[in-house]
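Student: Residue numbers (the working numbering): 49 to 487.
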């Protein structure tokens with residue numbers, strides 16, 4: 049169709065008439081787009097702009113709170129960069145998707161072994177959505193409306209959880225913590241347990257890095273409510289699997305297993321449960337079977353729980369997942385192995401204790417604040433506002449911890465510091481030197 053015919057169909061005489069409703073005062077004469085560049089010039093320009101960033105790869109980083117700067121073996125990136133894995137295609141057709149399906153089955157197997165759960169899905173978006181799904185699952189299992197969570201939980205998880213349960217009419221109830229240890233206040237928890245509580249959530253380690261020793265006794269306290277345990281998978285290289293102390297559902301953030309921080313995503317939600325609850329579990333499940341010739345094969349199983357089959361009656365309305373990140377996690381765990389994961393966990397704990405000792409030596413800084421065992425992060429009380437400390441450290445090329453005012457208002461004078469296997473003695477020395485100048 050010619051321009052004239054299109055204008056005639058629209059009943060106008062010129063293209064300018066299309067914009068007649070836009071006031072002349074706000075119109076522009078065009079966007080000042082610079083002339084084109086060669087590939088070499090573009091790379092030079094972009095590299096120059098990126099050099100202004102302060103990244104964890106070339107600066108000390110003490111930020112955690114669920115997403116951590118960790119070492120990723122080169123083989124992980126090589127594996128997930130293969131075209132067979134880098135796809136948004138859901139492996140509905142098992143006969144042409146055996147590679148992806150087997151990789152996801154391996155992922156489920158690793159997570160099941162780590163967590164002590166009998167059934168694991170092939171991923172959720174992140175730990176926050178996994179928590180929301182866990183709360184909704186508790187309601188599906190027993191029909192109860194209350195879901196108890198620790199007062200010490202990140203505001204991000206809390207917000208996602210509240211959005212999740214609002215649609216099913218659930219109520220979120222906090223149980224208190226012991227301010228001297230950061231562990232659960234068991235007396236308060238017992239008071240809040242009643243016949244309408246469908247599930248109780250506890251994190252090991254929790255948001256402040258504390259390895260809550262009460263988690264092992266919670267199953268006995270909460271009666272027939274479901275116990276949901278949130279984990280850092282790296283910590284499971286040393287800690288007992290939640291399934292061993294009565295967990296019914298286990299969730300966690302799998303970013304630590306082979307995925308970079310990358311401005312907060314993509315992440316990887318871990319989700320597992322006991323076998324008897326599997327038909328109430330959200331997300332895809334990959335199973336191992338045999339084909340028509342009797343050969344081992346993999347396929348999506350229990351699909352009647354899913355949205356593409358049940359629509360509004362599905363166990364979850366998330367219609368995709370983090371399959372590529374799950375493959376990365378499987379590759380990471382296969383590469384580091386059982387002994388390697390234990391070594392990484394030990395390194396985290398050792399570096400965190402070096403960090404604690406160093407922070408305690410800074411004048412005016414109180415560390416530790418909590419008298420409890422911790423994994424790889426801990427809060428420190430500062431003599432100046434944590435927000436100001438963050439800015440000062442950043443100017444000195446150091447990525448500081450997380451100010452706690454937004455997450456734990458009563459600890460607004462504290463900053464949450466994390467250490468991982470990537471934290472060096474020199475990093476800690478630089479942090480201390482920078483803080484001593486300020487305080």
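Cβ coordinates follow ideal geometry from the N, Cα and C atoms, glycine included.
Kindly give me the distance between the Cβ atoms of residue 484 and residue 396, rounded to whole angstroms, as I take these residues to be in contact under 8 Å.
Tutor: Contact doesn't hold; Cβ gap of about 25 Å is too wide.
Student: Use the C-beta contact count for residue 90: other C-beta atoms within 10 angstroms, 16 or more gives buried, fewer gives exposed.
Tutor: Residue 90 should be labelled exposed.
Student: Assign residue 467 to one of three DSSP states: helix, strand, or coil.
Tutor: If DSSP states are grouped into helix, strand and coil, residue 467 belongs with coil.
Student: By Cβ distance below 7 Å, which residues in the same chain neighbour residue 200 in space, the five residues on each side in sequence not counted?
Tutor: These residues qualify, in order along the chain: 225, 230, 254, 255, 256, 456.
Student: How long is the line joining the alpha carbons of residue 102 and residue 442, rounded to whole angstroms?
Tutor: If you take the alpha carbons of residue 102 and residue 442, they lie about 8 Å apart.
Student: Which runs of the alpha helix (DSSP H), 4 residues or longer, sit entirely within the stretch 266-302?
Tutor: Complete alpha helix (DSSP H) runs here, min 4: none at all.
Student: Return the chain-ordered list of same chain residues with a C-beta closer than 6 Å to the C-beta of residue 322, the five sequence neighbours on each side being excluded.
Tutor: The residues are 166, 296.
Student: For the alpha helix (DSSP H) that contains residue 373, what are its first and last residues?
Tutor: Unbroken alpha helix (DSSP H) run through residue 373: 371-408.
Student: Below 7 Å between beta carbons: does that hold for residue 434 and residue 451?
Tutor: Cβ distance < 7 Å, so residue 434 and residue 451 count as in contact.
Student: What first and last residue would you give for the beta strand (DSSP E) that runs through residue 425?
Tutor: Its beta strand (DSSP E) spans residues 425-429.
Student: Under 7 Å between the Cβ atoms of residue 306 and residue 391?
Tutor: Against a cut-off of 7 Å, the Cβ pair of residue 391 and residue 306 comes out as no contact.
Student: So the beta strand (DSSP E) residue 197 belongs to, where does it begin and stop?
Tutor: Run containing residue 197: 194-198, per the beta strand (DSSP E) assignment.
Student: With respect to the alpha helix (DSSP H) encompassing residue 95, which residues constitute its N-terminal and C-terminal limits?
Tutor: Looking at the DSSP string, the run of the alpha helix (DSSP H) that includes residue 95 is 87-98.
Student: Can you list, in chain order, the residues of its chain whose CB lies under 8 Å from that of residue 335, leaving out five sequence neighbours each side?
Tutor: Cβ neighbours of residue 335 beyond the five flanking positions: 153, 346, 347, 348, 349, 350.
Student: Out of 405, 247, 141, which one is the CA nearest neighbour of residue 181?
Tutor: It is 247 whose Cα lies nearest to the Cα of residue 181.
Student: Measure the CB-CB distance between residue 177 and residue 298 and report whether it falls below 7 Å.
Tutor: No, the pair does not count as a contact, with Cβ atoms beyond the cut-off.
Student: Is there contact here, the stretch 399-416 with the stretch 235-244, by at least three beta-carbon pairs under 8 Å?
Tutor: No: the two stretches stay apart, fewer than three of their Cβ pairs being nearer than 8 Å.
Student: Is there contact here, the stretch 124-144 with the stretch 284-294, by at least three beta-carbon pairs under 8 Å?
Tutor: Flag = no, the stretch 124-144 and the stretch 284-294 do not touch.
Student: Taking the straight line between their C-alpha atoms, what separation do you get for residue 399 and residue 316?
Tutor: Approximately 25 Å between the Cα atoms of the pair.
Student: When the Cβ atoms of the stretch 182-189 are set against those of the stretch 212-225, are three or more pairs found closer than 8 Å?
Tutor: As far as the Cβ criterion goes, the stretch 182-189 touches the stretch 212-225, which means the pair count is three or higher.
Student: Please go through the same chain and pick out, in chain order, the residues whose beta-carbon is closer than 6 Å to the beta-carbon of residue 354, but skip the five residues on each side of it.
Tutor: Only 362 meet the Cβ criterion.
Student: Kindly indicate which three-state DSSP category residue 79 falls into: helix, strand or coil?
Tutor: The answer is coil: DSSP assigns residue 79 none of H, G, I, E or B.
Student: Please return the same chain residues whose Cβ sits closer than 7 Å to the Cβ of residue 372, not counting the five positions on each side in sequence.
Tutor: Only 128, 133, 134 meet the Cβ criterion.
Student: Can at least three beta-carbon pairs, one atom from the stretch 74-88 and one from the stretch 267-277, be found at a separation below 8 Å?
Tutor: Counting Cβ pairs under 8 Å, fewer than three are found: no touch.
Student: Would you check if the distance between the CB atom of residue 313 and the CB atom of residue 279 is smaller than 7 Å?
Tutor: Cβ atoms of residue 313 and residue 279: not closer than 7 Å.
Student: Where residue 488 and residue 188 are concerned, what is the direct C-alpha to C-alpha distance, given to the nearest angstrom?
Tutor: As shown, the chain starts at 49 and ends at 487. That puts residue 488 outside it, with no answer to give.
Student: Just list the alpha helix (DSSP H) runs in the stretch 195-254, keeping only unbroken ones of 4 residues or longer that don't cross its boundaries, in chain order.
Tutor: With a minimum length of 4 residues, the continuous alpha helix (DSSP H) runs that stay inside the stretch 195-254 are 203-214, 234-240.
Student: Taking the alpha carbon of residue 191 as the reference point, which residue from 365, 328, 50, 318 has its own alpha carbon closest?
Tutor: It is 328.
Student: Leaving aside the five residues before and after residue 275 along the sequence, list all residues of the same chain whose C-beta is less than 7 Å from its C-beta, in chain order.
Tutor: The answer, listed in chain order, is 248, 266, 267, 294, 295, 296.
Student: I need the DSSP call for residue 413, collapsed to helix, strand or coil.
Tutor: The answer is coil: DSSP assigns residue 413 none of H, G, I, E or B.
Student: Could you tell me if residue 465 is buried or exposed, where buried requires 16 or more neighbouring beta carbons within 10 angstroms of its beta carbon?
Tutor: Per the 10 Å Cβ criterion, buried.
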